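Everything on this sheet refers to the single structure shown next.
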Amino acid sequence: MATSGQDVTQDDVARVAGVSRSLVSLALNGSPKVAAETRRRIAETATTLGYRVNAAAASLARQRSRTIGLVLPNLRNAFFEQIAHTLGGATGARDLALFVTVGSDRPEVLHRAVESLLSVRVMGLILVSPWLPDEDLIAIGEEVPVCLIGRRSPGGSVDSVRVDEEAAARLLVGHLAELGMRSVGYVGPRVVNDTSRFERESALRFAAQAAGLTLDVRECGEDAGPAVRDMLRSHHEPLGLVIHNDILAIDAVPVLRETDRHPGIDVALVSYDNTYLARRGEFSLTSIDQPEDVLGTTAVRLLCERAEEGTTSAGSPRDVVLEPALVIRGSSEPDRVCG
C-alpha cells in the first residue's frame with residue numbers, strides 16, 4: 209500500500225472501493241451520473257487512503273495522442289478478427305495507430321484491459337460487444353471518447369454502431385418459415401459470456417411469434433455440438449436451427465451430417481456474421497451479414513468527431529443502426545450456389 213497521499217493512485221482507490229478506475233475518476237470529478245451511495249463510498253475510500261490529485265499527471269493525461277484503443281472480447285470469433293482488420297485500415301487512413309487488447313467475459317479482466325489503454329493516454333476507445341454495466345461504460349466515456357460496436361449505447365456520451373437485431377431476426381425467421389420449418393431452435397452462448405445474447409434471443413422470440421412459430425432456446429459453451437444434439441432429439445418436426453455465430457454454427461455441421469435430416473427439407477441451419485468460415489464450401493452456412501467495413505469505418509469516424517469536438521462529457525449519444533442482409537447458402541437450401 210502506498211505510504212503517502214501523493215503516492216496513492218485512482219487505481220488504489222478503485223481496488224479498495226471495489227469499482228472501476230473510470231468510476232473513481234467520474235465520482236471524484238463530481239459527476240452527477242454516479243449514484244450517491246457509490247460516490248460516497250469512493251469519497252470515503254479516497255479520504256481514508258489519503259488520495260490527492262496529482263495536477264501534473266492530470267494535465268499530462270489530457271494531452272491528445274494519435275492512438276485509438278480497441279478492446280475485443282476474445283480471439284476465437286472470426287468476426288472479431290475481421291473487425292480488427294477493418295479498424296486497422298480505417299485508423300491508418302486517418303494517420304492514426306490502433307492499439308489492440310483482449311478483454312474477457314469477466315468484468316474485472318475487461319476493466320484491466322480498459323485501464324491499460326487509458327494508462328497510455330489513447331485518444332479514444334472502441335469496444336466490441338463489451339460485457340460491462342451501463343454505468344461503467346458511461347464512466348469510461350467521461351474520460352475519453354468511446355464508441356461501441358455491436359451493442360446499444362448506454363447513454364451519456366458513449367456512441368455506438370450496430371446491426372439492427374430485430375431486422376436480422378425477421379430475415380432469418382422469414383427464411384425459415386418460407387422453407388416450411390414448423391419451429392425455431394436457438395443455440396447461443398451463456399448470457400454472461402456474450403453481451404449480444406439477450407438482445408438476439410429477444411428479437412428472435414418476437415419474430416418467431418409474429419410468424420406463428422415457437423422458439424426453443426439452448427445454451428452452450430465453446431462447443432455447440434451437445435446443445436444441437438439435444439435440440440434435434442427434442443424436435444422431430446421440421447426445425448430451423450439458428451446458431452449465435454458462424455464459429456458455433458460450424459459445430460452443428462457434423463452433428464447434422466450424423467442424422468437423417470435433410471437441409472432445406474426437415475432442417476435448416478442459419479447463423480450470424482457471414483465470416484469467411486461461412487463462405488467455405490465444407491460449411492456453406494446461411495448467415496446474417498454484418499458489414500464489418502461499415503461498422504469499422506463508422507466507429508472510427510464517430511470517435512474522431514467526438515475527440516475533435518471535445519465532447520466526452522457533453523452531447524447526446526449517437527446510435528448508428530445498420531440494415532442487415534441474409535446470405536443464403538447450402539446449410540438451409542442445398543441447391544443454393546455458395547456465395
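For the sequence shown, our numbering begins at 209 and goes up steadily by one.
No residue lacks a Cβ here, since even glycine has one placed at the ideal position from N, Cα and C.
This structure is a prediction, so every number in the text was calculated from the model and none was measured.
**OP:** With DSSP as the reference, label G396 as helix, strand or coil.
**Re:** For the purposes of this step, residue 396 is taken as residue 188 along the sequence shown, with counting starting at 1. Correct three-state label for G396: strand.
**OP:** On the DSSP bridge assignment, give the partners of A298 in chain order.
**Re:** Here residue 298 refers to the residue found at position 90 of the sequence shown. Per DSSP, none; premise fails for A298.
**OP:** Look at V436 and L449 and say whether their C-beta atoms are less than 8 Å apart.
**Re:** Indexing the sequence shown from 1 puts residue 436 at position 228. Indexing the sequence shown from 1 puts residue 449 at position 241. Contact: yes.
**OP:** Classify Y259 as helix, strand or coil using the three-state DSSP reduction.
**Re:** Translated into positions along the sequence shown, residue 259 becomes position 51. Reduced to three states, the DSSP call for Y259 is coil.
**OP:** With a threshold of 16 other CB atoms inside 10 Å of the CB of R465, please say whether the residue is buried or exposed.
**Re:** In the sequence shown, residue 465 corresponds to position 257, counting from 1. With fewer than 16 Cβ atoms within 10 Å of its Cβ, R465 is classed as exposed.
**OP:** Could you name the residues of the same chain whose beta carbon sits closer than 8 Å to that of I276, not counting the 5 residues immediately before and after it, in chain order?
**Re:** Within the sequence shown, the letter at position 68 stands for residue 276. Once the five neighbours on either side are set aside, the close Cβ partners of I276 are L295, T299, L304, A305, L306, F307, V330, M331, G332, L333, I334, V508 and L511.
**OP:** Return yes when the C-beta of A376 is under 7 Å from any heavy atom of the ligand ZN, and no when it is not.
**Re:** Absence of the ligand ZN from the depicted structure is noted, as is the absence of any ligand whatsoever, leaving it without description.
**OP:** State buried or exposed for A263, treating a residue as buried only when at least 16 other CB atoms are found within 10 Å of its CB.
**Re:** Within the sequence shown, numbered from 1, the residue matching residue 263 stands at position 55. Bear in mind that the predicted position of A263 carries a pLDDT of just 48, short of 50, making it too unreliable to give a figure here.
**OP:** Starting from the Cα of A432, find the closest Cα among F414, H443, V395 and R413 and give me that residue.
**Re:** On the sequence shown, residue 432 is found 224 positions in, with the first residue counted as 1. For the residues F414, H443, V395 and R413, the minimum Cα distance to A432 belongs to V395.
Subject >> Alpha carbon of A251 to alpha carbon of A235, nearest angstrom >> reply: On the sequence shown, position 43 is the one that residue 251 refers to. On the sequence shown, position 27 is the one that residue 235 refers to. Between A251 and A235, the C-alpha separation is close to 8 Å.
**OP:** Return the CA-CA distance between I357 and D459, expressed in angstroms with no decimal places.
**Re:** Here residue 357 refers to the residue found at position 149 of the sequence shown. Here residue 459 refers to the residue found at position 251 of the sequence shown. For I357 and D459, the distance between alpha carbons rounds to 26 Å.
Original post:
With C-beta atoms as the reference, is S228 less than 8 Å away from H319?
Top reply: As a first step, residue 228 must be located in the sequence shown, where it is residue number 20. As a first step, residue 319 must be located in the sequence shown, where it is residue number 111. Going by C-beta atoms, S228 is nearer than 8 Å to H319.
Original post:
Using 8 Å as the limit for Cβ to Cβ distance, is I496 near chain C?
Top reply: The structure shown contains no chain C; it is built from a single protein chain.
**OP:** Grab the span of the beta strand (DSSP E) containing D424 for me, first residue to last.
**Re:** Working through the sequence shown from its first residue, we reach residue 424 at position 216. T422 to C428 is the extent of the beta strand (DSSP E) around D424.
Original post:
What is the DSSP secondary structure of A269, counted as helix, strand or coil?
Top reply: Looking up residue 269 in the sequence shown gives position 61. Residue confidence is low: A269 scores 49 on pLDDT, short of 50, so the model does not pin down where it sits. No coordinate-derived value is stated.
**OP:** Give the secondary structure of F288 by DSSP, where H, G and I count as helix, E and B as strand, and everything else as coil.
**Re:** Here residue 288 corresponds to residue number 80 of the sequence shown, with the count starting at 1. Helix.
Original post:
Ends of the alpha helix (DSSP H) at R223?
Top reply: Your numbering for residue 223 matches position 15 in the sequence shown. Per DSSP, R223 belongs to the alpha helix (DSSP H) from Q218 to A225.
**OP:** Would you identify the three-state DSSP class for R320, choosing helix, strand or coil?
**Re:** Translated into positions along the sequence shown, residue 320 becomes position 112. It is helical.
Original post:
Bridge partners of L356, per DSSP?
Top reply: In the sequence shown, counting from the first residue as 1, residue 356 sits at position 148. L356 pairs with L335 and S368.
Original post:
Looking at the unbroken beta strand (DSSP E) that takes in L534, where does it start and where does it end?
Top reply: Residue mapping note: residue 534 aligns to position 326 of the sequence shown, counting from 1. First-last of the beta strand (DSSP E) with L534: A533 to V535.
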